[in-house]
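Everything below concerns the one structure shown next.
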Amino acid sequence: MSRRRLLGGGVAALGVAGVGAATGCGINDRRAEAAATGSDTVPWRGLHQAGIDTVPPQAHSAFVGLNLRSRVGRAELIGILKVWTEDIGRLTAGAPALADTEAELALRPARLTITVGLGPGVFDAIGLPDRRPSWLAPLPAFEIDRLEPEFTGGDLILQVCSDDPVTVAHAVRVLTKNVRSLVTIAWTQRGFRRARGTEQSGTTMRNLMGQVDGTVNPAAGSTDFDTLVWDDGSDQPWMQHGTSMVLRRIRIEMDTWDELDRPGRELSVGRTLDTGAPLTGASEFDEADFDATDRFGIPVIPPSSHIARARHTREDERIFRRAYNYDDPPDPGSVSNSGLLFASYQRDVLTQFLPIQQRLDEFDALNEWTTPIGSAVFAILPGVVEDGYLGQSLLE
């Protein structure tokens, strides 16, 4: 378009310019909002590590299992944890880690949290077997398990969560490359939830089966949460303010789940698909009535349904779950490779997680479509206060 035609366009040209200006303002507003979101941080130092009671859970996660090399002992583990303490403090604040070769990638933490734990084998490696918590051991074998070595066990765990996947990838890279002479990566499992802003804050996530996942969860920060999740040091004094993590990788047979009709799906879980309400209720958080029957005397919520089998039998049997979906490239000949990274946190694995899992192993209607293929148990270290470092209460 020539200058003459543009200037001769009069009102029409001015109108177009006005639309462009308005659009530009909208773009600038969105950019400002995105920059503010990317700059959000979660305080890292405190009695507890961040990333467990962080609300709402971030949209992206990576769980990285690492194994100590054979020569690594107590002194080397102290070195690893001191390096991680320094790097985590910087990264979660939106600053590059020491010797960060991609420093620009660290400037948008987007609520980055990094949570560190120890596996059962570490305590023998560092010569402190008597300090291993009584519940810290691989889970017993279950009939429903089809565990694969590439998703099972581990000496160390890094749980890295953020609302931005680039931030997650960068943090994993920094934390692993700086200690690669002392550890090897056993496995990496990446997960996701709805993107931040997609749903109202506090909305229960849905897994890839379309079901709400995690309705019956103690509220972070509540008295129940503190009692059920945080260790009080009665078993191992150094564990006070830490917790346990059970990470289960659960494959979902989406191809056969697709063949099940909507009523069948709801009966298998015990909840309606649209609202997540128990079959005896009207809204998601209604109390399920497991004694209710229809006019023929048949239980409204089948005793074999997932929520019937997973419900706690004692108040102190409850757990806190923080799950993520995964959707990886399928194996040759398969259509899908999807499932759930089920992270469970509780004070004591033996008295809280294990009884629930045993009931699900005995019978759960969902077992026809779900298979645990990975399993690991870790002691999540207490938080870091003032000038301390991760694991200091154990190692000094």
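Numbering (this note's numbering), first residue to last: 81 to 476. From the three backbone atoms N, C-alpha and C, an ideal C-beta is built for every residue, glycine too.
Less than 8 Å divides the Cβ of glutamine 138 from the Cβ of cysteine 241. Burial is judged here by how many other beta carbons sit within 10 angstroms of a residue's own beta carbon; alanine 217 has fewer than 16 and is exposed. A check of alpha carbon separations from arginine 211 across Leu461, Gly468, Val465, Thr247 identifies Leu461 as the nearest.
A distance below 7 Å between beta-carbons, with the five flanking residues on each side excluded, links serine 261 to no residue of its chain.
A residue is called buried when at least 16 other Cβ atoms come within 10 angstroms of its Cβ; arginine 270 meets this threshold and is buried. As DSSP reads the structure, proline 379 sits in a beta bridge with Thr373. Membership of serine 348 in the alpha helix (DSSP H) is indicated by the continuous run 342–349.
Rounded to whole angstroms, glutamate 442 and leucine 434 show a C-alpha spacing of 12 Å. For proline 452, the enclosing beta strand (DSSP E) starts and ends at 450–460. The continuous stretches of beta strand (DSSP E) do not include phenylalanine 305, which lies in the alpha helix (DSSP H) extending over residues 303–309. Taking alanine 423 as reference, the option from Pro298, Met325, Asp225, Ile206 with the minimal CA-CA separation is Met325. The criterion of a C-beta distance shorter than 8 Å is not satisfied by glycine 361 and threonine 284.
From the listed residues Gln280, Ala221, Val349, Glu476, the smallest Cα separation to glycine 454 is found for Ala221. Closest by C-alpha distance to valine 457, out of Ile436, Pro379, Thr323, is Thr323.
Taking 8 Å as the upper bound for CB-CB distance, aspartate 167 and leucine 255 are in contact here, some 6 Å apart. Of all alpha-carbon atoms in Ile399, Thr431, Gln280, Ser384, the one lying nearest the alpha-carbon of proline 298 is that of Ile399. Looking at the DSSP output, serine 242 bridges to His140.
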